[in-house]
Structure formats: C-alpha cells, structure tokens
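Asker: Numbering that gives the first Met the number 0 numbers the first residue of the sequence shown as 0 and each following residue consecutively.
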Amino acid sequence: MFVVELLIVLMAIWLGARLGGIGIGFAGGMGVLILTLGFWHGTRRYSVRCD
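1) With DSSP collapsed to three states, give me the class of Met-0.
2) Please report the Cβ distance between Met-29 and Ala-11, rounded to the nearest whole angstrom; I am assuming they are in contact, meaning their Cβ atoms lie under 8 Å.
3) Which two residues bound the contiguous alpha helix (DSSP H) that contains Gly-19?
4) Note down the Cα distance separating Val-2 from Arg-48, rounded to an integer number of angstroms.
The following block contains the structure:
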C-alpha cells in the first residue's frame, strides 16, 4: 500500500512540474484528494457505543 501511495504522490509532483504555475497547486490538490478519498475505506477500525 505504501508503494501505491508513493507512486500517486510522485505522479502528482511530476504532473505539477509539467504544468507549472497554478498547475502545481492543482496537481497537489488532486494528489491529496486521491489519497484521502481513494484510500479512505477500511481505515476506521473502531466503533462508538451509545447507551
């Protein structure tokens, strides 16, 4: 899983470097969205009990 996340970060950096200017920010935002929304499942391993 670490390797996949590292590849996504490196691809976002590469894309931002190719676009330049405001594209760096857009590529960084895209990388953050992919990492947070794409790998969000299965990370919550706790439950809250309401009495």
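We put the CB at the ideal spot given by N, CA and C, even for glycine.
Answerer: In short:
1) The residue you call residue 0 lines up with position 1 of the sequence shown. If DSSP states are grouped into helix, strand and coil, Met-0 belongs with coil.
2) Walking along the sequence shown from the start, residue 29 turns up at place 30. Walking along the sequence shown from the start, residue 11 turns up at place 12. With 8 Å as the limit, Met-29 and Ala-11 qualify as a contact, their Cβ atoms being about 6 Å apart.
3) In the sequence shown, counting from the first residue as 1, residue 19 sits at position 20. Per DSSP, Gly-19 belongs to no alpha helix (DSSP H) and is neither H nor E.
4) Within the sequence shown, numbered from 1, the residue matching residue 2 stands at position 3. Within the sequence shown, numbered from 1, the residue matching residue 48 stands at position 49. Their backbone Cα atoms lie some 35 Å apart in a straight line.
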